[in-house]
Amino acid sequence: MTTPNLIQKAAALIRDSQNITVLTGAGVSRESGIPTFRDALDGLWARFNPQELATASAFMANPKLVWDFYEYRRDIMRDKSPNAGHFALAELQRRYPSLVVITQNIDELHEQGGSTGVIHLHGRIAGNKCFYNCQGDPTMVDVSLLSWDKENGPPACPHCGRWVRPDVVWFGEMLPPAALNAAAEALQVSELMLVIGTSGLVMPAADMPMVIKRRGGKAIEINPDDTPISDIADIKLSGPSGEILPRIVEALDEA
């Protein structure tokens, strides 16, 4: 149970920290109605496994199938809005400008909620790039400027004529170097990490709280469930971020 005393303790840690990082996972987006990757495998997509829809080899074997799946996911996300947790994080960043948001989520609800400089470890589903990164990694492509027969799958890269793919990280792929480097820079100076709505199972994000702890920093976990992070967190706040984060902001106001 998340008591007022725990909320006050979390607010005190935030108040006493100069450099704060926030790591968010799928639970934050789920509160806005966005299903996780595996939850999205329903209806017509229930008969597929992730290896058929979210790997480079799957895309090469059947680009239309993979493209259509991500168009389906984009359609799901299109009308979703930031929740109270997103807005509270943006308010925290307004008060603590050095606060850095690192997310495993591929939507842009953090930005829509007012957060800036968000580091996307797993890419952004709204973006697209050349499958071969023919002009350098990444070769981004604005598909809104292209005309193609959408019944036949993805558009062609305007530079090389080969397939365009979603700008997300698939299974077996490396995380974007720019995002990893930005996250590493934030972790080097961070005194406190808020770990919100993540399972604590997917590397390298799962190790980030320990990076800060090894340097003598603190960790606050916000999650309705227990995770591997719960064992190392200095404060565990049980509940959805849309309820807990606004309470923390209110506690900061009371100081």
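Sequential numbering from 187 applies to the sequence shown in the working numbering.
For glycine and all other residues, C-beta sits at the position ideal for the given N, C-alpha and C.
As the structure is a computational prediction, the values presented were derived from the model and not from experiment.
Report all residues from its chain with a CB closer than 8 Å to the CB of residue i; omit the five preceding and five following residues, and keep chain order.
i: Thr-384; result: Leu-209, Thr-210, Gly-211, Ala-212, Gly-213, Gln-290, Ala-391, Ala-392, Asn-409, Thr-413, Ile-415
i: Leu-199; result: Leu-378, Lys-404, Ile-406, Asp-420, Ile-421
i: Arg-281; result: Leu-438
i: Asp-265; result: none
i: Lys-399; result: Ala-405, Ile-418
i: Arg-224; result: Pro-236
i: Leu-239; result: Leu-227, Trp-231, Leu-251, Val-252, Phe-255
In terms of alpha-carbon separation, which member of the options lies closest to residue i?
i: Thr-241; options: Trp-356, Val-435, Glu-436, Ser-218; result: Trp-356
i: Ala-312; options: Pro-221, Leu-192, Glu-257, Trp-349; result: Glu-257
i: Gly-299; options: Ser-218, Lys-399, Lys-195; result: Ser-218
i: Pro-268; options: Val-329, Val-350, Arg-216, Glu-371; result: Arg-216
i: His-272; options: Val-329, Glu-359, Pro-432; result: Pro-432
i: Ser-243; options: Ile-220, Gly-402, Gly-425, Glu-359; result: Glu-359
i: Ser-284; options: Asp-293, Asn-205, Asp-411; result: Asn-205
i: Thr-222; options: Ala-369, Ser-203, Pro-362, Met-263; result: Met-263
i: Arg-348; options: Gln-237, Pro-190, Leu-230, Pro-249; result: Pro-249
i: Leu-275; options: Val-375, Thr-207, Arg-401, Leu-331; result: Thr-207
i: Cys-336; options: Arg-201, Leu-251, Leu-230; result: The sequence shown places Lys at residue 336, rather than the Cys named in the question. The residue with the shortest Cα to Cα distance from Lys-336 is Leu-251.
i: Val-468; options: Phe-245, Phe-234, Ile-398; result: It is not possible to answer for residue 468, since the shown part of the chain is limited to 187 through 441.
i: Asp-228; options: Ala-247, Phe-255, Leu-373; result: Phe-255
i: Asp-411; options: Gly-386, Gly-402, Ala-232; result: Gly-386
Give me the DSSP bridge partner(s) of residue i.
i: Asp-353; result: Arg-310
i: Leu-192; result: DSSP output for Leu-192 lists no bridge partner at all.
i: Lys-336; result: None, per the DSSP bridge assignment.
i: Ile-305; result: Ile-288
i: Ala-342; result: Trp-349
i: Met-326; result: Lys-315
Report the CB separation of residue i from residue j in whole angstroms; it is logged as a contact under 8 Å.
i: Trp-175; j: Gly-339; result: Residue 175 lies beyond the residue range present for the chain, which begins at 187 and ends at 441; the question has no answer from this structure.
i: Leu-192; j: Leu-380; result: Going by Cβ atoms, the distance from Leu-192 to Leu-380 rounds to 14 Å, so no, they are not a contact pair.
i: Val-329; j: Ala-342; result: So it is not a contact: roughly 10 Å between Cβ atoms.
i: Ile-305; j: Ile-288; result: 5 Å
i: Val-286; j: Gly-309; result: So it is not a contact: roughly 18 Å between Cβ atoms.
i: Asp-188; j: Ile-382; result: According to the sequence shown, residue 188 is Thr rather than Asp. Contact flag wrong, Cβ pair sits at about 13 Å.
i: Ala-369; j: Leu-307; result: 7 Å
i: Arg-260; j: Ala-226; result: Their Cβ separation, rounded to whole angstroms, is 11 Å, which puts Arg-260 and Ala-226 out of contact at 8 Å.
i: Met-394; j: Leu-373; result: 6 Å
i: Gly-428; j: Ala-270; result: 4 Å
Cutting at 7 Å between CB atoms, please list the residues of its own chain near residue i, excluding the five before and the five after it.
i: Cys-346; result: Cys-316, Tyr-318, Cys-320
i: Met-396; result: Ile-418
i: Val-442; result: Residue 442 cannot be examined here, being either before or after the span of the chain that is shown, 187 to 441.
i: Pro-352; result: Tyr-256, Ile-311, Asn-314
i: Ala-364; result: none
i: Leu-332; result: Pro-341, Pro-344
i: Arg-401; result: none
i: Val-388; result: Gln-290
Ignore the nearest five residues each way along the sequence and tell me which others in residue i's own chain have a CB closer than 6 Å to its CB.
i: Thr-452; result: Given a span of 187 to 441 for the chain in the structure shown, any question on residue 452 remains unanswerable.
i: Glu-277; result: Val-435
i: Ser-203; result: Glu-377, Leu-378
i: Pro-362; result: none
i: Lys-195; result: Ile-421
Jot down the residue ranges of each uninterrupted beta strand (DSSP E) in the region 379-432, minimum 3 residues, whole runs only, in chain order.
404-408, 421-423
Could you pull out every unbroken beta strand (DSSP E) segment of at least 3 residues lying fully inside the region 233-293, listed in chain order?
286-289
Complete alpha helix (DSSP H) runs within the region 203-233 (minimum length 4 residues, chain order)
212-216
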